[in-house]
Amino acid sequence: MICRLGQENGEEIKQARPFVLLENIAYHAVKIIGADSASIHILAKGETLLKAGTGRVTPDFMREFEPRKKIGIGHQALTSKHHVVIDDPEVLRKNHSTIYDKGMRAVAAIPFHISQDYQGVLYVHFWRTHKFSEAELALERAFTRQIVFAIQNFEIMKRTAAEAGRAWTLASLQNVIQSVVSESNLNVVLEEVAQNALFMADADNVIIYQYFSQQDKIITPPVMKGSFRQEKFMVGDIRGDENVARIVKNNESKPLYVNNVSGEPHLYEPRITSDDKSPFVEREGIASSAILILRAQAEGEIMGVMFANYRKPRIFNGEDKQILNTLAHAAAIAINTRRLYDQVEDDLRRHKMQLDALIVIDREINQLIKVNSQRVAQHSTVME
Amino acid sequence: MMEALISGRLGKAAVWHDGQQRLIDVHPELDSDILHEADLAAIAQGPTICMEGPKHSIDDVRRRLASAWVGEHALSRLIAGLDSSLTPKTRILAIEAAEELLGRPGADYARARLLGIPQPESAEDGDCDLTKALTYARDVDAKKVAKVYEAVKLNSHWIATVHNKAKIVVQNCASNPACISQILDELINSGLFADCAKVLANNSWPELAEDLFAAAEAHEEISALPEKDCVLPKLRCVLDSLAKVDATTETSVPTQTEDAHRTSKEELQSALLMGIEHSSRSTSNLDYNMLTALWEYQTHVNKLFNLNEVLTYTIHTALKVIAANAGNICLMKYETAKVELRACYPEDSVRFDNQDDLDLEVVKKVMDNLQPLWIDASRPQKFNMIYQSSDYASRYGKLIFVPINTHNSSFGTLSIRWNEQPEHPEHAERFLQALTSHLASTIERVRLLKAFYEIGPAINQTLRLDQLLEEMLNKITENLGFEFAVISLVDDYRRVIESVRGKNVPYGWAARARHGLNTADIQADIVRTRNHEVIEGWDNRFDKELYDRFHHSELTRIFAPIIVGDKVVGTIEAGCKTIQIMKFSRRSISI
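Protein sequences, first through last, are from chains A and B.
For what it's worth, the numbering used here labels the leading residue of the first sequence as 260, then goes sequentially.
For what it's worth, the numbering used here labels the leading residue of the second sequence as 5, then goes sequentially.
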């Protein structure tokens, strides 16, 4: 049935693939000015998200001749936010000999901005001598607007897909809340929190440490989710110069969302202790990190620390922060509840012991009174 | 006092009174009481019309005009009635009246009669009659000749004949400087400096011819300038330099004294100035008309979205404005890199059928040069006539090919054909260039709109893809009972397969599932083998990170290809926790 489903919808899927749409736009961009070929490159945060070509620019050609990063005309166009044209064959031969040798003689790179994360370049090529006119470039810019529309739709689709995943994951937050309320095993609750933080914040790994302020003790091993390169270092006592100890010591009142850990001294500062344990962010290759101090109340004592770590640089947005804050609160409440529970249990145990002692004493007293009464009775009898 | 009756047409007669023109109604049945009050008042001041020669009462004139108004040979009747009383001057005035009726049957006949030449056998003999008329006029008065020119010039198809006849007249009038200046006036009015100079050069005025050649050259150069206002001052400069010509120029002028020569030059200068001003005015009028036509054209084509309609309308506009006979438009088809005929009018004027090498050669030449090309054996060398020597012109008559230029390249040509010599070839060329310029932008607009029209639905396909995948995922999870499903698509350019949509899968799964098609990953393997697979737990082709992160160890999964023809465009992954009672049979996943 699944195979049949694929076959039934295959043709429509094939035609609706994003790169097919880009091919279509590139085809018209070529046709409108009588160019020989064109290619479109969509970049997401600097990385190629999509690309497509038409005419002589086949998929094989595009793989063979990737735009040169930082020195290519596409990069220049994106940086300057203005088209860049090389229509002097001699200049092309000198600076872009690979494509010149293939036969290309003129190329224009027209940049376009899609959204904060997405941008792109439309390259239009002539495989014969040609001088680009302003009017031609204006026409091509009209096509870049079509690309923007197309990619915005694609972006919406991707976002919808992501939101579906996030919505599905959010549903599991119920489990966390339920666990916090009902689960007596703190570790189970913290595991649930860490797992949700891993998925919902799309982190590479999540760590939750418990801290006891009275003893100034950080409990190891922490609760861990995600992938770790050197897990063995996560056990054993925490030294004062380790990341988590520094964070606790610093007593931050607000969460830290560190987009670039190399700029954060608590995370990247070399350790003083001479052992083979390098700083966590260094040994795990962490680029960004969210650090949340777990407190039962805003100004209350520190009960733990939660880390959500990323190996790729991440700019934390409001949504990330909200999710992580929520989960950190859940963890803090769980820890606090556990500790209150433990404390109440201790008190009850102590009270019971005291009661037991009192009962024993009472029994002893009664026994003593009884003995004494008997003795008084015996003494009275003797006296009589 | 009424001076003269100088025109009559369709029941109206123009009367000059004290230098002012008035119109009076003329009708066979009319009485004086139906004349306009103003006319009556005017008439009352001078009860008789004073024509040179015998005097006529207003009733007489009206009666004659009334009878002239009736029937196809109206003018000839008028002439017949007045003929006996006309002096040469009145005849000339009557010619003007006749020319008002030019184009009506009998006009040529009337013209001949007016000029006192024998009645032609038929109206078609007008050409022959004109020659006679001109010959006659030469003997009478140079002004008469000029008037004839002016009159005949109004009718475009006469123009070529007139120029030829003018040469004859000038040759015959060479001994009469005043006459020459008049003739020159007319020639100059027509912008035919070069023709005029040639005539003079052949008729013993070589130095004037030389000056006129210079003037002609300057005129042509200046005419090409976009700023028409430059024409007059620049030509004045030419004339100033002409005036400086030493009065003692060549005494080899055999039949003129020095004074007469100087006088003639002055007259020539005067005539030139007049001609220039006239030319400037007529140029403005032409330009105005053409600009109006262009405006109307642009307004109309802006509403068109069909390229064929645009092309057809363009040809019709061109033919109408420049009074040509046939036209067609060839456009380059980029897909085939060949020129093809896209529109023509009339239908049977099709020539460019891609079979005629010379046609293609002409079109390609014009497109390469980005300049109009005239093919006309009678045009001067200024025009590009590379095909003049061939039999091309004789095959097709007078042709102009105008490139349809966009930016710095051409994507086609508009070609226009005249059966006769075009009246104002320079203006026609300028108009056609302007028209093709508008056409180029219109074609671009239409093509752009067409492109956007085609791209538009494709853009929405992305959203449709989202909907389609969602429907598929729902079927898999709801109808087929799988706990989760993920669809991945192949990207031919990046040579990867990546998850694009999932259902009941954690956030991050789809975003992280991207694998090269040449890797050992399960998805890439499905694309290669085109087989479906059912896998429980670990498989070496799985991505370890994804496997651990999303607890795939707990899952049993199906991987199936999405095949179109012989190509795998994507995969479907579906499954559920192994602990659940779920049996995937081969039957359930195959057709």
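Just so you know, even glycine gets a beta-carbon here, dropped at the ideal spot from N, CA and C.
(message) Does chain B have any CB closer than 8 angstroms to the CB of N283/A?
(response) If you number the first sequence from 1, residue 283/A lands on position 24. It does; some Cβ of chain B falls within 8 angstroms.
(message) What does the alpha-carbon distance come out to for the pair S557/B and N483/B?
(response) Mapped onto the second sequence, residue 557/B falls at position 553. Mapped onto the second sequence, residue 483/B falls at position 479. Each residue's Cα considered, the two are about 25 angstroms apart.
(request) For K581/B, name the three-state secondary structure that DSSP assigns. (result) Taking the first residue of the second sequence as 1, we reach residue 581/B at position 577. If DSSP states are grouped into helix, strand and coil, K581/B belongs with the strands.
(request) Label K513/B either buried or exposed according to how many other C-beta atoms from any shown protein chain fall within 10 Å of its C-beta, with 16 as the threshold for buried. (result) As a working note, residue 513/B is residue 509 in the second sequence. Rather than Lys, the amino acid found at residue 513/B in this sequence is Trp. Counting Cβ neighbours within 10 Å, W513/B comes out buried, since at least 16 surround it.
(message) DSSP has Y569/A in a bridge; who is on the other side?
(response) Locating residue 569/A in the first sequence gives position 310, counting from the first residue. Per DSSP, S547/A.
(request) Kindly list the residues whose CB is nearer than 8 angstroms to the CB of G506/B, restricted to its own chain and excluding five residues on each side of it in sequence; keep chain order. (result) By 1-based counting over the second sequence, the position of residue 506/B is 502. L477, F488, A489, V490, I491, W513, A514, listed in sequence order.
(request) Can you give me the Cβ contacts of L308/B inside the same chain, cut-off strictly under 6 angstroms, excluding the 5 residues immediately before and after it? (result) Your numbering for residue 308/B matches position 304 in the second sequence. V314, listed in sequence order.
(request) May I ask you to report which of helix, strand or coil DSSP gives P277/A? (result) Numbered from 1 along the first sequence, position 18 holds the residue referred to as residue 277/A. Of the three classes helix, strand and coil, the one that applies to P277/A here is helix, per DSSP.
(message) Please list, in chain order, the chain A residues whose beta carbon lies closer than 8 angstroms to that of S413/B.
(response) On the second sequence, position 409 is the one that residue 413/B refers to. Under the 8 angstroms cutoff, chain A gives G293, H389.
(request) Under 9 angstroms between beta-carbons, which chain A residues line up against I530/B? List them in chain order, please. (result) Translated into the one-based positions of the second sequence, residue 530/B becomes position 526. Under a criterion of Cβ atoms nearer than 9 angstroms, no residue of chain A is adjacent to I530/B; the nearest Cβ is some 11 angstroms distant.
(request) In angstroms with no decimal places, state the Cα-to-Cα distance between E103/B and H428/B. (result) As a first step, residue 103/B must be located in the second sequence, where it is residue number 99. As a first step, residue 428/B must be located in the second sequence, where it is residue number 424. The pLDDT assigned to E103/B is 46, lower than 50, so where the model puts this residue is not dependable; a value taken from the coordinates is nonetheless given after this. E103/B and H428/B: Cα-Cα distance of roughly 20 angstroms.
(request) Report yes if the C-beta distance between N502/A and F471/A is below 8 angstroms; otherwise report no. (result) Locating residue 502/A in the first sequence gives position 243, counting from the first residue. Locating residue 471/A in the first sequence gives position 212, counting from the first residue. Not closer than 8 angstroms, so no.
(request) Quick one: residues in its chain with C-beta nearer than 8 angstroms to the C-beta of T338/A, no 5 flanking neighbours on either side, listed in chain order? (result) Translated into the one-based positions of the first sequence, residue 338/A becomes position 79. The beta carbon of T338/A is closer than 8 angstroms to none in its chain, skipping five residues each way along the sequence.
(request) State the start and end residues of the unbroken beta strand (DSSP E) segment that holds R561/B. (result) Taking the second sequence and counting its residues from 1, one reaches residue 561/B at position 557. Secondary structure note for R561/B: its beta strand (DSSP E) is the uninterrupted segment 559-568.
(message) Is there a Cβ of chain A sitting closer than 8 angstroms to that of P510/B, yes or no?
(response) Counted from its first residue, the second sequence places residue 510/B at position 506. At least one chain A Cβ lies under 8 angstroms of P510/B.
(message) Quick test of your reading: F391/A and D346/A, contact by CB under 8 angstroms. State the CB separation rounded to the nearest angstrom.
(response) Sequence index remark: in the first sequence, residue 391/A carries index 132 (1-based). Sequence index remark: in the first sequence, residue 346/A carries index 87 (1-based). Contact flag correct, Cβ pair sits at about 5 angstroms.
(request) Leaving aside the five residues before and after R352/A along the sequence, list all residues of the same chain whose C-beta is less than 6 angstroms from its C-beta, in chain order. (result) In the first sequence, counting from the first residue as 1, residue 352/A sits at position 93. Y359.
(message) Measuring straight from C-alpha to C-alpha, what distance separates T440/B and E365/B?
(response) Start at 1 with the first residue of the second sequence, and residue 440/B comes out as number 436. Start at 1 with the first residue of the second sequence, and residue 365/B comes out as number 361. Pairing T440/B with E365/B, the inter-Cα distance amounts to about 20 angstroms.
(message) Using 8 angstroms as the cut-off, can you tell me whether the segment 319-337 of chain A makes contact with the segment 367-378 of chain A, which would need three or more C-beta pairs spanning the two stretches below that distance?
(response) Judged by Cβ distances under 8 angstroms, the segment 319-337 of chain A makes contact with the segment 367-378 of chain A, as three or more pairs qualify.
(request) Say whether chain B places a C-beta atom closer than 8 angstroms to the C-beta of E543/A. (result) The residue you call residue 543/A lines up with position 284 of the first sequence. Under the 8 angstroms criterion on CB atoms, E543/A is classed as non-interfacial with respect to chain B.
(message) From the DSSP secondary-structure annotation, give me the bridge partner or partners of L422/B.
(response) Here residue 422/B is taken as the residue at index 418 of the second sequence, counted from 1. The question names Leu, yet the displayed sequence has Trp at residue 422/B. According to DSSP, W422/B bridges with K402/B.
(request) State the DSSP-derived secondary structure class of A517/B, mapped to helix, strand or coil. (result) Walking along the second sequence from the start, residue 517/B turns up at place 513. Three-state DSSP puts A517/B in coil, outside helix and strand.
(request) Show which residues of chain D have a CB atom less than 7 angstroms away from the CB atom of W513/B. (result) Given the protein chain composition of this structure (A and B), no chain D is represented.
(request) For I576/B, I'd like the list of residues in its chain whose CB is within less than 6 angstroms of its CB, leaving aside the five on either flank, ordered along the chain. (result) The residue you call residue 576/B lines up with position 572 of the second sequence. Answer for I576/B: I491, A564, listed in chain order.
(request) Taking a Cβ distance cut-off of 8 angstroms, strictly less, list which residues of the segment 433-459 of chain B are near chain A, in chain order. (result) Under the 8 angstroms Cβ criterion, the segment 433-459 of chain B contributes E448, R451, L452, A455, F456, E458, I459.
(message) Taking its Cβ as the centre, do 16 or more other Cβ atoms sit within 10 Å of N268/A, making it buried, or is it exposed?
(response) Sequence index remark: in the first sequence, residue 268/A carries index 9 (1-based). So N268/A counts as buried.
(message) Which residue marks the beginning of the beta strand (DSSP E) containing N332/B, and which one marks its end?
(response) Counting from 1 along the second sequence, the entry for residue 332/B is found at position 328. That run of the beta strand (DSSP E) goes 330-337.
(message) For K581/B and T419/A, what's the separation of their Cα atoms in angstroms?
(response) Counting from one through the second sequence, the residue named residue 581/B turns up at place 577. Counting from one through the first sequence, the residue named residue 419/A turns up at place 160. The C-alpha of K581/B lies about 25 angstroms from the C-alpha of T419/A.
(message) Can you pull out the residues from the segment 524-550 of chain B whose beta carbon lies closer than 9 angstroms to at least one beta carbon of chain A?
(response) From the segment 524-550 of chain B, only H536, K548, E549 have a Cβ closer than 9 angstroms to chain A.
(message) Using 8 angstroms as the threshold, is the C-beta distance between M294/B and V325/B below it?
(response) In the second sequence, residue 294/B corresponds to position 290, counting from 1. In the second sequence, residue 325/B corresponds to position 321, counting from 1. Yes, these two residues count as a Cβ contact at 8 angstroms.
(request) Answer yes if the segment 372-389 of chain A comes into contact with the segment 294-313 of chain A, meaning at least three C-beta pairs across the two stretches below 8 angstroms, and no otherwise. (result) A contact is defined here as three or more CB-CB pairs under 8 angstroms, and the segment 294-313 of chain A meets this definition with respect to the segment 372-389 of chain A.
(message) If you follow the beta strand (DSSP E) that S492/B is in, where does it begin and where does it stop?
(response) For the purposes of this step, residue 492/B is taken as the residue at position 488 of the second sequence. Per DSSP, S492/B belongs to the beta strand (DSSP E) from 488-495.
(request) Evaluate K484/A with the Cβ neighbour count: other Cβ atoms within 10 Å of its Cβ, from every protein chain shown; 16 or more gives buried, anything less gives exposed. (result) For the purposes of this step, residue 484/A is identified with residue 225 of the first sequence, where counting begins at 1. Classification for K484/A: buried.
(request) Closer than 7 angstroms by beta-carbon distance: list the chain A residues that pair up with K568/B, in chain order. (result) By one-based count along the second sequence, residue 568/B stands at place 564. According to the sequence as given, residue 568/B is Val; it is not Lys. Contact of V568/B with chain A by beta-carbon distance below 7 angstroms involves G269, E270, K273.
(request) Answer with yes or no whether the minimum CB distance from D215/B to chain A is below 8 angstroms. (result) Numbered from its first residue, the second sequence carries residue 215/B at position 211. Bear in mind that the predicted position of D215/B carries a pLDDT of just 48, short of 50, making it unreliable; the figure below should be weighed with that in mind. No - not a single Cβ of chain A is within 8 angstroms of the one on D215/B.
(request) Using a Cβ-Cβ cut-off of less than 9 angstroms, list which residues of the segment 491-511 of chain B approach chain A; keep chain order. (result) Residues I491, L493, V494, D495, D496, Y497, R498, R499, S503, V504, R505, G506, K507, N508, V509, P510, Y511.
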